[in-house]
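Visitor: Could you have a look at this structure, given as structure tokens, before my questions?
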Ligand SMILES: [Zn+2]
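Numbering (the working numbering), first residue to last: 429 to 816.
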């Protein structure tokens, strides 16, 4: 099986995919000319065998394991201090979405002189950066969801304003990605499900985003089909390497596709995550049906294609909505934001922040702050009729 599931892709970057390929970490460093890498990872992975193994593979590798879930600017500053004091010349971003994002931003900031917020993903602000000051990046995902390993941005919370800011530069695309499904077999079913649905939302929102991008559309459709088939298998048997392997690919496909755009699910999930520190994938998984109900008038043609791709008979909107609700239930995903401790308070602020979020630009239906606030309340209460 592993022979079939092993391949090298140059699409959208150099990806070494297959079980056991973490052993090629030294080759990845050599490929990018990295001699003294800093490995950046999540707090929760610090003591794990896979981090010890990675450190042993490339002697002299430094470790920064100070990235919390939903990383904040202080995490980046602390990582930069370790990077500079250790005279490192590249970053191995290793872990879930938070570690990948933080590792990429640390590599990006390592040789910049301006403050980080000057590089927020607004207009052409990325051109303010000195490209020679961006250290080479190897990405090693340990969840199948974020797709950050093939993305050109990192999300960091500005604690002063409770905003998730996207730091963007084309050269933040990792130079080598090692996609080793064996690194994901230990993920518990709940995290497997939440991260996997995040990948589905990436594909779904990208496909429904307005704009001419047939490449992204094709990738998004196949990504959704893979997740429909393999996410339940990965949740039910974490050691199913074929399911884990295809889910890792689907996660990279989601992030590849969303170069086209995202939409209202992410627009609301970002401020919810910034205010309440909720898990990004889980927040998206809960929000998705409410935003779909709202967007219905603008996405009927796209839903017809998605329903055909997922082999869902009947009227496409209802068939898809019924399927996604059943899919969530099968994966033991909650139906309401209240279930994960998000209160109704702050709904006007959440709505306002959602309307300003960069993802809002990809929502198929123009949606104002008051409407985002209503969608947020509908997801807290679990009332789909409030959304549609
Ligand atoms: Zn996401």
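For glycine and all other residues, C-beta sits at the position ideal for the given N, C-alpha and C.
Helix, strand or coil: which one does DSSP assign to residue 731?
Guide: Residue 731 falls in the helix class under three-state DSSP.
Visitor: So residue 691 and residue 791 are supposed to be a Cβ contact under 8 Å. How far apart are they, rounded?
Guide: About 4 Å separates the two Cβ atoms, so the contact holds.
Visitor: Tell me whether the beta-carbon of residue 526 lies closer than 9 Å to the beta-carbon of residue 496.
Guide: Cβ atoms of residue 526 and residue 496: closer than 9 Å.
Visitor: By alpha-carbon positions, which one of 530, 491, 498, 528 ends up nearest to residue 513?
Guide: Considering only alpha carbons, the answer is 491.
Visitor: Once the 5 residues before and after residue 647 are set aside, which same chain residues still bring their CB inside 6 Å of it?
Guide: The answer, listed in chain order, is 681, 684, 685.
Visitor: Residue ranges of each alpha helix (DSSP H) run of no fewer than 4 residues wholly in the segment 492-517, ordered along the chain?
Guide: Entirely contained in the segment 492-517, the alpha helix (DSSP H) runs reaching 4 residues are, in chain order, 501-513.
Visitor: Going by DSSP, name the residue or residues bridged to residue 607.
Guide: DSSP output for residue 607 lists 445 as bridge partner(s).
Visitor: Does the Cβ of residue 697 lie closer than 8 Å to at least one heavy atom of ligand 1?
Guide: Result yes, Cβ under 8 Å from ligand 1.
Visitor: Are the CB atoms of residue 473 and residue 570 within a distance shorter than 9 Å?
Guide: Taking 9 Å as the Cβ cut-off, residue 570 and residue 473 qualify as a contacting pair.
Visitor: What three-state label does DSSP hand residue 439 in the structure shown?
Guide: If DSSP states are grouped into helix, strand and coil, residue 439 belongs with coil.
Visitor: Identify whether residue 593 lies in helix, strand or coil by the three-state DSSP scheme.
Guide: Three-state result, residue 593: strand.
Visitor: Tell me residue 465's beta-bridge partners as DSSP assigns them.
Guide: In the DSSP output, where bridge partners are listed per residue, residue 465 has 518.
Visitor: Note down, in chain order, each residue of its chain lying with its Cβ closer than 6 Å to the Cβ of residue 430, except the 5 sequence neighbours on either side.
Guide: Note that residue 430 has pLDDT 47, beneath the 50 cutoff, so the model's placement of it is unreliable and the number below is only indicative. Counting only Cβ-Cβ distances below 6 Å, and skipping sequence neighbours, we find 447.
Visitor: Given a threshold of 16 other Cβ atoms within 10 Å of its Cβ, counted over all protein chains shown, does residue 589 qualify as buried or as exposed?
Guide: Counting Cβ neighbours within 10 Å, residue 589 comes out exposed, since fewer than 16 surround it.
Visitor: Is it true that the CB of residue 613 sits closer than 9 Å to the CB of residue 672?
Guide: The answer is yes: Cβ separation under 9 Å.
Visitor: Is it the case that the segment 695-710 contacts the segment 596-616, given that we only count it when at least three CB pairs across the two stretches are under 8 Å?
Guide: Taking 8 Å as the limit for Cβ pairs, the verdict is that the segment 695-710 does not touch the segment 596-616.
Visitor: Would DSSP call residue 645 helix, strand or coil?
Guide: Residue 645: helix per DSSP, three-state reduction.
Visitor: Leaving out the 5 sequence neighbours to the left and right, which residues in its chain are closer than 7 Å to residue 807 when beta-carbon positions are compared?
Guide: Answer for residue 807: 714, 715, 718, 764, 765, listed in chain order.
Visitor: Would you check if the segment 648-659 and the segment 772-789 touch, i.e. whether three or more CB-CB distances between them fall below 8 Å?
Guide: Cβ pair count under 8 Å is below three, so no.
Visitor: Does residue 670 come out as helix, strand or coil in the three-state DSSP assignment?
Guide: DSSP places residue 670 in helix when its eight states are reduced to three.
Visitor: May I ask you to check if the CB of residue 706 is nearer than 8 Å to at least one heavy atom of ligand 1?
Guide: No, since every heavy atom of ligand 1 falls outside the 8 Å radius drawn around the Cβ of residue 706.
Visitor: Hey, is residue 529 close to ligand 1, as in C-beta under 8 Å from one of its heavy atoms?
Guide: Residue 529 Cβ: outside cutoff for every heavy atom of ligand 1.
Visitor: Please tell me whether, using a cut-off of 8 Å, the distance from the CB of residue 785 to the nearest non-hydrogen atom of ligand 1 is below it.
Guide: No.
Visitor: Report yes if the CB atom of residue 550 is closer than 9 Å to the CB atom of residue 453, and no otherwise.
Guide: In this structure, residue 453 does not lie closer than 9 Å to residue 550 by Cβ.
Visitor: In this structure, how does DSSP classify residue 429 when only helix, strand and coil are distinguished?
Guide: Any reading at residue 429 must be qualified, since the residue scores a pLDDT of 48, below 50, and its modelled position is unreliable; the value itself is stated next. Coil.
Visitor: Entirely within the segment 680-731 and at least 4 residues each: give me those alpha helix (DSSP H) ranges in chain order.
Guide: Runs of the alpha helix (DSSP H) inside the segment 680-731: 692-704.
Visitor: Give a yes or no on whether the minimum CB-CB distance between residue 764 and chain D is below 9 Å.
Guide: Here there is only one protein chain, and chain D is not present.
Visitor: Could you spell out where the beta strand (DSSP E) holding residue 816 opens and where it closes?
Guide: Careful: residue 816 lies outside any beta strand (DSSP E) and carries neither H nor E.
Visitor: Which one or two residues does DSSP pair with residue 523 in a beta bridge?
Guide: Answer by DSSP bridge pairing, in chain order: 569.
Visitor: Would you tell me roughly how many angstroms separate the C-alpha atoms of residue 518 and residue 465, rounded to the nearest one?
Guide: Approximately 5 Å between the Cα atoms of the pair.
Visitor: Within 10 Å of its beta-carbon, does residue 643 have 16 or more other beta-carbons around it, so buried, or fewer, so exposed?
Guide: Exposed.
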